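First comes the structure, then the notes that go with it.
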Amino acid sequence: MVKVRVIFTKAKSIFTKTKIPSCSFVLNPYVGCEHACLYCYAKFLCKWKNHGRWGSWVEVKENAPELVKGKHVRSKVCMSSVSDAYQPVEKKLMLTRRVLENMDKRTDLSILTKSDLVTRDIDIFERFECIEVGLTVNGLDERIRKVLEPRAPKHEKRIDALEMLHESGIRNYAFISPLIPELVDPEAIVKETKSFVHHYFVEFLNLRAAGRKFVEWLKNNFPECYEKMMNRDELRKQVNHVKTVLAKSHVNIAGIVTHHEGFKIIL
Ligand code: SF4
38 MVKVRVIFTK
48 AKSIFTKTKI
58 PSCSFVLNPY
68 VGCEHACLYC
78 YAKFLCKWKN
88 HGRWGSWVEV
98 KENAPELVKG
108 KHVRSKVCMS
118 SVSDAYQPVE
128 KKLMLTRRVL
138 ENMDKRTDLS
148 ILTKSDLVTR
158 DIDIFERFEC
168 IEVGLTVNGL
178 DERIRKVLEP
188 RAPKHEKRID
198 ALEMLHESGI
208 RNYAFISPLI
218 PELVDPEAIV
228 KETKSFVHHY
238 FVEFLNLRAA
248 GRKFVEWLKN
258 NFPECYEKMM
268 NRDELRKQVN
278 HVKTVLAKSH
288 VNIAGIVTHH
298 EGFKIIL
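Numbering (the numbering used here), first residue to last: 38 to 304.
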């Protein structure tokens, strides 16, 4: 059992302007993430926060529920960008739940998580006028998932959560990420989920943001994947393959993101 340090803080504000495409503001009830994904793009925060390695600490913005009260944000809000709002600590603290309870239900809200804990809050999602809830799915082999996403719920639980959201009438989406050629099979994921997923968003791994440790792991364990990630022509082929898979499956596609020629949304 890994000991995670929980640090209680008070934030000055809670809606932060963002350049994330299709979002105007991000809302992070937590900073830091127990899921401890080896490739996490948010681990750069360890440079600024003196709390130790990524995954070993979580900051809890304990006044977040008060900060959202009475605020009507008119453009899209995404939850979260530097944490997972449904990481294990949420089960006990119910901070995200209290934020949602206090939030203006007219907010155009998009939630992305790796945890099936999200289904606990379906009763609140139902009260929002415009909401979508996404689960990150990548179907990694269990031995690989244990290394890359050591404390995130298994693939099957995320799939079940997508199905439960669908059955409850909540618009859901599958975020196929990080797409690593050879390790992630988008065709299999779409086949498994298309009957209950509203739309798909695909993101190819951002090798640079994933950091040195991840790159070393990939090079040592899957050199052929690393070579593919480094080769632009090969990556273009992979992107075309994903486009074909999605088109053939007749599913809704919100976007395919690549990073090899700078950040790009295709479709
Ligand atoms: S769940 Fe998301 S925020 Fe948390 S460690 Fe993994 S990639 Fe980072």
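Yeah, the Cβ is synthetic: ideal placement off N, Cα and C, and Gly gets one too. This structure is a prediction, so every number in the text was calculated from the model and none was measured.
Checklist entry - Under a three-way DSSP split, which group does Asp197 fall into? => result Three-state result, Asp197: helix.
Checklist entry - In chain order, what residues of the same chain lie with their CB nearer than 6 Å to the CB of Ala246, ignoring the 5 residues before and after it? => result Tyr78
Checklist entry - In three-state DSSP terms, what is His203? => result For His203, the secondary structure class from DSSP, reduced to helix, strand or coil, is helix.
Item to check | Residue from Phe52, Lys40 and Phe62 whose Cα sits closest to the Cα of Cys70 | outcome: Selected option, being the one with the closest Cα: Lys40.
Item to check | Contacts around Glu271, its chain only, beta-carbon distance under 6 Å, and the 5 residues preceding and following it disregarded | outcome: So the qualifying residues of the chain are Lys265.
Checklist entry - Cβ of Glu186 versus every heavy atom of the ligand SF4: is any distance shorter than 7 Å? => result yes
Checklist entry - Can you find a heavy atom of the ligand SF4 that lies under 7 Å from the Cβ of Ala79? => result yes
Next on the checklist: Considering just the uninterrupted stretch of the alpha helix (DSSP H) at Ile226, what are its terminal residues?
Outcome noted: Pro223 to Thr230
Checklist entry - When the Cα of Lys108 is compared with those of Ile51, Leu185, Asn289 and Cys74, which residue comes out closest? => result Ile51
Next on the checklist: Measuring straight from C-alpha to C-alpha, what distance separates Pro58 and Thr144?
Outcome noted: CA-CA distance, Pro58 to Thr144, rounds to 17 Å.
Checklist entry - Would you report the Cα separation of Arg208 and Glu166, rounded to the nearest angstrom? => result 11 Å
Next on the checklist: Is it buried or exposed, Phe62, if we count other Cβ atoms within 10 angstroms and call 16 or more buried?
Outcome noted: buried
Checklist entry - Between the region 196-208 and the region 146-162, do at least 3 Cβ pairs fall closer than 8 Å? => result yes
Next on the checklist: Could you check whether the Cβ of Ala73 sits closer than 7 Å to any heavy atom belonging to the ligand SF4?
Outcome noted: yes
Item to check | Residue burial classification, Phe212 (beta-carbon count within 10 angstroms, cutoff 16) | outcome: Buried: at least 16 other Cβ atoms inside 10 Å.
Next on the checklist: Based on DSSP bridge pairs, tell me the residues matched to Cys83.
Outcome noted: Paired residue(s): none; Cys83 is not in a bridge.
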